[in-house]
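**Student:** Residue numbers (full-length UniProt numbering): 1 to 149.
Note that CB positions come from ideal geometry on N, CA and C, so glycine has one too.
On a predicted model such as this, the values are computed, not experimentally measured, just so you know.
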């Protein structure tokens with residue numbers, strides 16, 4: 001098996017397989033600790049730079065903006081609700097008028113059918129009268145010719 005000797009210390013291969021990851025773990029832990037410490041220092045500097053008066057003023061400004069927006073939105077919502085109610089009423093009235101118009105149209109359609117039948121009967125009667133009149137006129141003409149001759 002392979003052995004490494006350094007300043008009189010002999011280390012075998014199996015021990016190296018244990019020592020090298022252990023050293024890597026220690027180095028990684030130290031590096032992570034330094035990174036954490038650095039981030040804590042950055043956070044501390046940011047906290048030291050904060051000014052409570054500025055934060056309070058910004059919170060008050062945001063609250064006033066929130067109040068204005070809420071009131072405006074409530075007004076808009078009320079306006080939309082009123083419009084929806086008005087439109088719903090208009091739609092109901094339009095539907096009622098449409099129903100009335102449909103009923104009147106159906107009645108007029110029935111009346112038109114009756115008028116068409118009456119006109120057809122009148123035309124038939126007029127044709128019959130014309131035919132009878134033409135026939136009577138021929139008979140009278142024939143009688144007049146017969147008397148003249």
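Note down, one range per segment and in chain order, each beta strand (DSSP E) of at least 3 residues found wholly within the region 43-103.
**Tutor:** Correct list: empty.
**Student:** Per DSSP, what kind of secondary structure is residue 8 in: helix, strand or coil?
**Tutor:** Three-state result, residue 8: coil.
**Student:** Measuring straight from C-alpha to C-alpha, what distance separates residue 37 and residue 45?
**Tutor:** Rounded to the nearest angstrom, the two C-alpha atoms are 12 Å apart.
**Student:** Alpha carbon to alpha carbon, how far is residue 130 from residue 115? Give it in angstroms, no decimals.
**Tutor:** Roughly 22 Å separates the two Cα atoms.
**Student:** Alpha carbon to alpha carbon, how far is residue 48 from residue 28?
**Tutor:** Those two C-alpha atoms are separated by around 30 Å.
**Student:** Cα-Cα, which of 73, 63 and 4 is closest to residue 20?
**Tutor:** Checking every option, the nearest Cα to that of residue 20 belongs to 4.
**Student:** With which residues is residue 3 paired in a DSSP beta bridge?
**Tutor:** Beta-bridge pairing links residue 3 to 12.
**Student:** Pick helix, strand or coil for residue 149, following the three-state DSSP scheme.
**Tutor:** Three-state result, residue 149: coil.
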